[in-house]
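Following this note's numbering, the numbering of the sequence shown begins with 2 at its first residue and continues without gaps. Glycine included, each C-beta is placed from N, C-alpha and C at the ideal position.
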Amino acid sequence: FSGSGNFTTTGVQTVTVTGSGTPINSGTFNYTFSLGGSTCSRDVTYVASSNPAIDPCTKSYLGKSDFPNTYMINGQPVYVTVSITGHQENATGNGSGCGWHTTTDAWIIGGNNVMSTLTFTFSQPVSGVKFNNGGIYSNAGQQATVTAKNGSVDISNPTLTTTQGCNSVPTVVGNKIKQPGTFTVTDTVTSITISHQDNSPPPYNQGGVFNIILCPTAK
Numbered sequence: 002f003s004g005s006g007n008f009t010t011t012g013v014q015t016v017t018v019t020g021s022g023t024p025i026n027s028g029t030f031n032y033t034f035s036l037g038g039s040t041c042s043r044d045v046t047y048v049a050s051s052n053p054a055i056d057p058c059t060k061s062y063l064g065k066s067d068f069p070n071t072y073m074i075n076g077q078p079v080y081v082t083v084s085i086t087g088h089q090e091n092a093t094g095n096g097s098g099c100g101w102h103t104t105t106d107a108w109i110i111g112g113n114n115v116m117s118t119l120t121f122t123f124s125q126p127v128s129g130v131k132f133n134n135g136g137i138y139s140n141a142g143q144q145a146t147v148t149a150k151n152g153s154v155d156i157s158n159p160t161l162t163t164t165q166g167c168n169s170v171p172t173v174v175g176n177k178i179k180q181p182g183t184f185t186v187t188d189t190v191t192s193i194t195i196s197h198q199d200n201s202p203p204p205y206n207q208g209g210v211f212n213i214i215l216c217p218t219a220k
């Protein structure tokens, strides 16, 4: 791995290094990088060439059965894994409405008033990852929180953008999901986590419904 350049300011810096060579095995390997008196470690995942990257635009709304897998994101093959903590349920049907679209393959988290998380981890830094939320309504007292990481750097308040909203309420405010719709995480990240706890009264506390969108042209 190598990198070059000059620091123009003091303080915390982001250093990009580029690797060269051909791995002899697939898998995830940990590397330690040193610069002066500072060190950091980073996992790097190598995917066998027999598993080519998938065009993410062949399916706009990706769900549970689509991961783990390697997708072409930002012009590079990226291995994507998904993990969940807390409560999850199975989606029961396809549907669409005011800004939202959901599939039988969607993730449903946070039901029954249980704090839950949905985390996507990327083998390479990516940006512009989109999600569609089909089950968060602020008028029902619900919201979800989005956080991220870029390597070892926590991004507690990532930038979310959206062009959609429901009931005159925007889909996102800050890093909070308020209403159904599609939103984009514009930061460069290696993982994205959605946290949600549905405290709506029964039978409406089934949780937040999410699909991920890796196709850059998908809405």
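What is the DSSP secondary structure of residue i, counted as helix, strand or coil?
i: residue 151; result: strand
i: residue 66; result: helix
i: residue 59; result: helix
i: residue 21; result: coil
i: residue 139; result: helix
Compute the Euclidean distance between the alpha carbons of residue i and residue j, then round it to the nearest angstrom.
i: residue 160; j: residue 184; result: 10 Å
i: residue 125; j: residue 30; result: 13 Å
i: residue 197; j: residue 180; result: 13 Å
i: residue 225; j: residue 40; result: Because residue 225 is not part of the residues shown, which for the chain are 2 to 220, the question remains open.
i: residue 18; j: residue 200; result: 44 Å
i: residue 75; j: residue 171; result: 27 Å
Can you check which of these residues, the options, is closest to residue i by C-alpha distance?
i: residue 47; options: 17, 95 and 79; result: 79
i: residue 42; options: 66, 69, 2 and 202; result: 2
i: residue 135; options: 68, 106 and 154; result: 106
i: residue 20; options: 192, 81 and 45; result: 45
i: residue 84; options: 61, 62, 96 and 109; result: 109
i: residue 149; options: 162, 163, 193 and 131; result: 193
Would you decide whether residue i is buried or exposed? Buried here means 16 or more other CB atoms lie within 10 Å of its CB.
i: residue 119; result: buried
i: residue 32; result: exposed
i: residue 103; result: buried
i: residue 212; result: buried
i: residue 123; result: buried
Per DSSP, which residues does residue i bridge with? Please list them.
i: residue 44; result: 31
i: residue 212; result: 133
i: residue 117; result: 197
i: residue 182; result: 134
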